[in-house]
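The structure appears below as structure tokens.
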Amino acid sequence: MKESLLYNRVEFEERMTLFERCWTYSLVYLYAMLRQRSVLLFLLVVNILGTIYGFIWYGNQLKETSPIFWPFVPDSPMASLFFVFVLFAFLIKRNWGLIEALAIVTLIKYGIWAVVVNAIMIYVKGPIGVMGYMLMLSHFAMAVQGLLYAPFYRIKKWHFAVAAIWTLHNDAIDYLFWQMPRYGIMHLFVEEIGYFTFWLSIATLCITYYSCLRENRKQFSL
Numbered sequence: 063m064k065e066s067l068l069y070n071r072v073e074f075e076e077r078m079t080l081f082e083r084c085w086t087y088s089l090v091y092l093y094a095m096l097r098q099r100s101v102l103l104f105l106l107v108v109n110i111l112g113t114i115y116g117f118i119w120y121g122n123q124l125k126e127t128s129p130i131f132w133p134f135v136p137d138s139p140m141a142s143l144f145f146v147f148v149l150f151a152f153l154i155k156r157n158w159g160l161i162e163a164l165a166i167v168t169l170i171k172y173g174i175w176a177v178v179v180n181a182i183m184i185y186v187k188g189p190i191g192v193m194g195y196m197l198m199l200s201h202f203a204m205a206v207q208g209l210l211y212a213p214f215y216r217i218k219k220w221h222f223a224v225a226a227i228w229t230l231h232n233d234a235i236d237y238l239f240w241q242m243p244r245y246g247i248m249h250l251f252v253e254e255i256g257y258f259t260f261w262l263s264i265a266t267l268c269i270t271y272y273s274c275l276r277e278n279r280k281q282f283s284l
């Protein structure tokens, strides 16, 4: 039996192209690295610092905002805060499905959103300075980390439903109640950005469903 399994594995590997081998072994190495405790601790510290900075960045807007809207104003810091709890759970070998659903949806959505909005500002105004480019890079990293850890999530359909309601409700708060981030020249393109944000939410939910809920998806244990 063991010889048969070994033969099948060798035969399978022989049929793989060089690219397929490199891709497969790269994924194996990547996901083995992502679940290492040192990597999780590093990401935890980075996300805690980023979350703190994000809430400070939104400080002036929060001072002028009714408390009822506070959970929906600091979009990116809330996304990274969700991921902080996900990483903490991973470190104790646990999965908190609802938090994972909220994390992946908001990380991808607001990560992409910030990159696109800053790209628009570059197109309209020109260079956005070092801090602007740092924001683009850090938000792109947000989206990437949220997606990279998808095989480790254990999201159920009701978790996904709650995350969908949260993100679409957040769009309504931002663009119907004018609680969107106050940043650069955003106020000149509120309708266009609001429309883009809605469809970005839909796209993000589709990505999340495909990555975390479809049958035969890749899953890795902690």
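In terms of the numbering used here, the sequence shown has 177 at position 115, counting the first letter as 1, and numbering is strictly consecutive.
Glycine included, every Cβ here is placed at the ideal spot set by N, Cα and C.
Given the structure is predicted, the values throughout are model-derived calculations rather than measurements.
Can you give me the start and stop residues for the alpha helix (DSSP H) that residue i sits inside?
i	result
Ile-170	159-187
Ile-264	252-274
Thr-79	Here Thr-79 belongs to no alpha helix (DSSP H), and DSSP marks it neither H nor E.
Thr-229	219-238
Val-206	191-210
Ile-285	The chain is shown only over 63 to 284; residue 285 falls outside these bounds and no answer can be derived.
Leu-153	137-153
What's the call for residue i, buried or exposed, on a 16-neighbour Cβ count within 10 Å?
i	result
Ile-132	What sits at residue 132 in the sequence shown is Trp, not Ile. Exposed: under 16 other Cβ atoms inside 10 Å.
Thr-113	buried
Cys-274	buried
Val-252	exposed
Leu-67	For Leu-67, the pLDDT reaches just 46, beneath the cut-off of 50, and the residue's location in the model is therefore unreliable, although a value from the coordinates is still provided. So Leu-67 counts as exposed.
Tyr-272	exposed
Thr-86	exposed
Ala-205	buried
Got a sec? Which residues, its chain only, sit under 7 Å from residue i by beta carbon, not counting five neighbours each side?
i	result
His-249	none
Leu-96	Leu-210 and Tyr-211
Ile-190	Asn-180, Met-183 and Ile-184
According to the Cβ coordinates, are residue i and residue j closer than 8 Å?
i	j	result
Ile-255	Ile-170	no
Leu-143	Ala-176	no
Met-183	Gly-246	yes
Gly-9	His-221	Within the shown structure, residues of the chain are numbered from 63 to 284, placing residue 9 beyond reach of any answer.
Arg-244	Asn-157	no
Val-108	Tyr-120	no
Report all residues from its chain with a CB closer than 8 Å to the CB of residue i; omit the five preceding and five following residues, and keep chain order.
i	result
Leu-103	Leu-153
Thr-229	Val-167, Thr-168, Lys-171, Ser-263, Thr-266 and Leu-267
Ala-165	Ala-141, Phe-144, Phe-145, Phe-147, Val-148 and Gly-208
Counting only the same chain and skipping the five closest in sequence on each side, list residues whose C-beta sits under 6 Å from that of residue i.
i	result
Ser-138	Gly-116 and Tyr-172
Ser-7	This structure cannot speak to residue 7, because the chain is shown only from 63 to 284.
Taking only beta-carbon positions, decide if residue i is within less than 8 Å of chain D.
i	result
Pro-129	The chain inventory of the structure shown lacks chain D, comprising one protein chain alone.
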